[in-house]
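In the UniProt record's numbering, the protein residues as written are 1 to 278. Backbone N, C-alpha and C define an ideal beta-carbon position, used for all residues, glycine too. Read the structure below first, then the notes.
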């Protein structure tokens with residue numbers, strides 16, 4: 001009854017933070033024709049397993065076990081035909097599993113953190129707290145493989161992975177996990193993915209807006225007659241610098257400055273000195 005009420009009030013999706021209630025949440029998703037966002041809780045280890053983790057003496061995520069819980073959801077998607085978006089996908093192994101299950105009839109899509117396409121684990125060598133992200137960054141080879149997957153349309157959506165970093169600790173070990181990046185997400189993606197010719201500008205729009213709207217069956221995601229006027233106006237030639245010291249992108253010079261945000265036809269943000277005409 002609670003799920004029915006949520007849907008009637010405009011709820012568009014169910015979120016699964018763990019596989020503890022997999023059968024129950026899958027039953028609700030199937031019964032109420034709702035997609036599932038699989039956003040599993042992080043293990044909150046600082047690095048992925050590998051040579052660098054040993055070298056720096058940091059706790060690490062054991063990669064051998066990272067997909068064991070996700071596979072359960074993948075099989076449920078195949079068996080019950082429930083559309084699922086797998087969040088925070090950052091390994092090629094996971095992408096291969098998604099493809100294999102989709103070939104068997106599952107309805108799976110991958111959403112990858114922007115940070116994992118732009119940065120690699122070598123930044124941990126400086127022990128800067130702003131890089132303490134969950135899930136942790138991967139090595140350069142894995143980062144390049146993710147870029148190829150994005151280019152080949154194996155990644156449907158990008159996420160800023162925005163999490164408020166509730167800490168001002170100066171030591172990496174004492175710092176909280178977090179990724180304050182949503183305000184610069186478009187500029188980062190445009191600068192490092194479009195300008196560097198990893199993907200086209202049209203593909204960037206798809207993975208940051210259109211595909212999300214389609215997955216949620218929203219009347220948005222495109223500039224089109226009779227669609228909601230949820231818009232972002234940017235100056236692609238304008239440069240901006242990331243000044244948030246808790247952002248993993250702090251100090252970077254970026255192109256593509258956001259000038260104005262419009263939600264349902266109403267301006268919700270306008271940059272100082274930007275054109276203020278409606």
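**Asked** Can you check whether the CB of residue 156 is closer than 9 Å to the CB of residue 207?
**Response** For the purposes of this step, residue 207 is taken as residue 207 along the chain shown, with counting starting at 1. For the purposes of this step, residue 156 is taken as residue 156 along the chain shown, with counting starting at 1. Yes. Within cutoff.
**Request:** With DSSP as the reference, label residue 129 as helix, strand or coil.
**Result:** Residue mapping note: residue 129 aligns to position 129 of the chain shown, counting from 1. Residue state, collapsed to three classes: helix.
**Item:** Local conformation of residue 255 per DSSP, three classes
**Value:** For the purposes of this step, residue 255 is identified with residue 255 of the chain shown, where counting begins at 1. Correct three-state label for residue 255: strand.
**Request:** Using 10 angstroms around the beta-carbon of residue 125, count the other beta-carbons present and answer buried if the total reaches 16, otherwise exposed.
**Result:** As a working mapping, residue 125 is identified with position 125 in the chain shown. Looking at its Cβ environment, which holds fewer than 16 other Cβ atoms inside 10 Å, residue 125 is exposed.
**Request:** Report the rounded CA-to-CA distance for residue 217 versus residue 172, giving the unit in angstroms.
**Result:** Taking the first residue of the chain shown as 1, we reach residue 217 at position 217. Taking the first residue of the chain shown as 1, we reach residue 172 at position 172. Each residue's alpha carbon lies about 41 Å from the other.
**Prompt:** When you compare each of 109, 161, 152 to residue 116 by their alpha carbons, which one comes out closest?
**Reply:** Within the chain shown, numbered from 1, the residue matching residue 116 stands at position 116. Considering only alpha carbons, the answer is 161.
**Request:** Starting from the C-beta of residue 76, find all residues in its chain whose C-beta is less than 6 Å away, skip the five residues before and the five after it, and write them out in chain order.
**Result:** Counted from its first residue, the chain shown places residue 76 at position 76. Cβ within range, chain order: 26.
**Prompt:** Hey, residue 73 and residue 16: beta-carbon distance below 9 Å or not?
**Reply:** Position 73 of the chain shown holds residue 73. Position 16 of the chain shown holds residue 16. Result yes, Cβ atoms of residue 73 and residue 16 sit closer than 9 Å.
**Request:** With DSSP as the reference, please indicate the residues paired to residue 239 in a beta bridge.
**Result:** Walking along the chain shown from the start, residue 239 turns up at place 239. Residue 239 pairs with 255.
**Item:** Sufficient close CB pairs (3 or more, under 8 Å) joining the segment 248 to 260 to the segment 211 to 225
**Value:** no
**Request:** Quick one: residues in its chain with C-beta nearer than 6 Å to the C-beta of residue 98, no 5 flanking neighbours on either side, listed in chain order?
**Result:** Working through the chain shown from its first residue, we reach residue 98 at position 98. Here the set comprises 108, 110.
**Message:** By the DSSP assignment, the alpha helix (DSSP H) with residue 74 in it spans what residues?
**Reply:** Working through the chain shown from its first residue, we reach residue 74 at position 74. 68 to 80 is the span of the alpha helix (DSSP H), which, as asked, contains residue 74.
**Item:** Distance, residue 84 Cα to residue 197 Cα
**Value:** What you label residue 197 is simply residue 197 of the chain shown in a count that begins at 1. What you label residue 84 is simply residue 84 of the chain shown in a count that begins at 1. Whole-angstrom Cα-Cα distance: 29 Å.
**Prompt:** the ligand NAD heavy atoms versus the CB of residue 220: any closer than 8 Å?
**Reply:** This structure does not include the ligand NAD; it has no bound ligands of any sort.
**Message:** Please report the straight-line C-alpha distance between residue 232 and residue 264, rounded to a whole angstrom.
**Reply:** Here the question's residue 232 lines up with position 232 in the chain shown. Here the question's residue 264 lines up with position 264 in the chain shown. Spanning the two alpha carbons is a distance of roughly 11 Å.
**Start-to-end residues for the beta strand (DSSP E) that takes in residue 85** = Within the chain shown, residue 85 is the residue found at index 85, counting from 1. Where residue 85 is concerned, the enclosing beta strand (DSSP E) stretches over 84 to 86.
**Item:** C-beta contact flag for residue 183 and residue 237 at 9 Å
**Value:** For the purposes of this step, residue 183 is identified with residue 183 of the chain shown, where counting begins at 1. For the purposes of this step, residue 237 is identified with residue 237 of the chain shown, where counting begins at 1. No, they are not a contact pair.
**Asked** Does DSSP put residue 169 in a helix, in a strand, or in coil?
**Response** Within the chain shown, numbered from 1, the residue matching residue 169 stands at position 169. In the structure shown, residue 169 sits in coil (DSSP, three-state: anything other than H, G, I, E or B).
**Request:** Would you identify the three-state DSSP class for residue 48, choosing helix, strand or coil?
**Result:** Translated into the one-based positions of the chain shown, residue 48 becomes position 48. Here residue 48 sits in strand by DSSP.
**Asked** For residue 260, which of helix, strand or coil comes out of DSSP?
**Response** Mapped onto the chain shown, residue 260 falls at position 260. It is a strand residue.
**Request:** Use the C-beta contact count for residue 190: other C-beta atoms within 10 angstroms, 16 or more gives buried, fewer gives exposed.
**Result:** The sequence position of residue 190 within the chain shown is 190, counting from 1. It counts as buried.
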